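When the sequence shown is numbered by UniProt numbering, its final residue is 205 and no position is left out of the sequence of numbers. Cβ atoms here follow ideal geometry from the backbone N, Cα and C, with glycine treated the same way. All values derive from a computational prediction rather than experimental measurement.
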Amino acid sequence: MTSKVMRYAITDRSLFPGDEPQRRSALVRQAALLSAEGVDLLQLREKDLPAATLASLALTLLQTLRSSGTKLIINTRADIAVATCAHGVHLTSSLDELPPRQIHDLYAQANLPAPIVTLSCHTLQDVVRHRLEPLSAILFGPVFEKSVSGEYRTEGTGLALLQQACAAAAPIPVLALGGITPDNLPTCLQAGASGIAGIRLFQRH
Numbered sequence: 001m002t003s004k005v006m007r008y009a010i011t012d013r014s015l016f017p018g019d020e021p022q023r024r025s026a027l028v029r030q031a032a033l034l035s036a037e038g039v040d041l042l043q044l045r046e047k048d049l050p051a052a053t054l055a056s057l058a059l060t061l062l063q064t065l066r067s068s069g070t071k072l073i074i075n076t077r078a079d080i081a082v083a084t085c086a087h088g089v090h091l092t093s094s095l096d097e098l099p100p101r102q103i104h105d106l107y108a109q110a111n112l113p114a115p116i117v118t119l120s121c122h123t124l125q126d127v128v129r130h131r132l133e134p135l136s137a138i139l140f141g142p143v144f145e146k147s148v149s150g151e152y153r154t155e156g157t158g159l160a161l162l163q164q165a166c167a168a169a170a171p172i173p174v175l176a177l178g179g180i181t182p183d184n185l186p187t188c189l190q191a192g193a194s195g196i197a198g199i200r201l202f203q204r205h
């Protein structure tokens, strides 16, 4: 039996046309489409929004996703995640980030179900440092070179390092991030990834 490929979408309202209200509305519509497609996780990553606006958007998304299996996690803002009863939090591997265990404690103190906690790692050392943390998944990348308007922006880590990261993280599932396309998806799975994560990969207009 083939294991289910975990799909993890990340928001970026700047990719939509229009003014600010139109972009937020488009983001909510996209969330509805992705949930209908069976995307597992949606990370709200609108880091420039004021806290109150971000919380309002999170509540709207939670209502939109309510009847689906798609879970909403908030990028780094554990306070907003707890206040809105979002399903979890996404963290970076920065040393000044809240540790995953503290996210679990915050949810427990609020009498909320155990959170989904995901973490971005960009090096094998990051993975090794966090592999004993209570994480739901590690996002590793960028696996492939990413470009904007044809100009190189970020060099990819490559499939060999992805494979090493998957082995080091086990049993925590690793999701391939960065430059993922339907064409190179199979190679990520062959390297040991449990799924894929991305912004443009899941962009729906």
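Handout entry: Beta-bridge partners of Q43, as assigned by DSSP
Key = I10, I73
Problem - R45 and I80 closer than 8 angstroms at C-beta - result: no
Problem - Integer Cβ distance of G88 from S35, believed to fall under 8 angstroms - result: That pair is no contact at about 16 angstroms.
Practice task
Compare the beta carbon distance of L72 and L42 with 8 angstroms and say whether it is the shorter of the two.
Solution key: yes
Handout entry: Cross-strand partners of A167 (DSSP beta bridge)
Key = In DSSP, A167 forms no bridge with anything.
Exercise for the section: Have a look at L139 and D19 and give me their C-alpha separation to the nearest angstrom. Expected result: 31 angstroms
Exercise for the section: Please determine if the segment 126 to 136 and the segment 158 to 172 are in contact, where contact requires at least 3 C-beta pairs separated by less than 8 angstroms. Expected result: yes
Handout entry: Integer-rounded CB distance, given that A197 should sit under 8 angstroms from L175
Key = 4 angstroms
Exercise for the section: Report yes if the CB atom of Y107 is closer than 8 angstroms to the CB atom of V127, and no otherwise. Expected result: no
Exercise for the section: Can you have a look at S194 and say buried or exposed, based on whether 16 or more other CB atoms are within 10 angstroms of its CB? Expected result: buried
Handout entry: Backbone CA spacing between T181 and K47 [nearest angstrom]
Key = 25 angstroms
Handout entry: Contact belief for L189 with V28 at Cβ below 8 angstroms, rounded distance in angstroms
Key = That pair is no contact at about 30 angstroms.
Handout entry: Helix, strand or coil at H87 [DSSP, three-state]
Key = coil
Handout entry: C-alpha gap between G69 and Q30, whole angstroms
Key = 15 angstroms
Practice task
Give me the Cβ distance between L57 and R24, rounded to the nearest whole Å; I'm assuming they're in contact under 8 angstroms.
Solution key: 6 angstroms
Handout entry: Opening and closing residue of the beta strand (DSSP E) in which T118 lies
Key = 116 to 121
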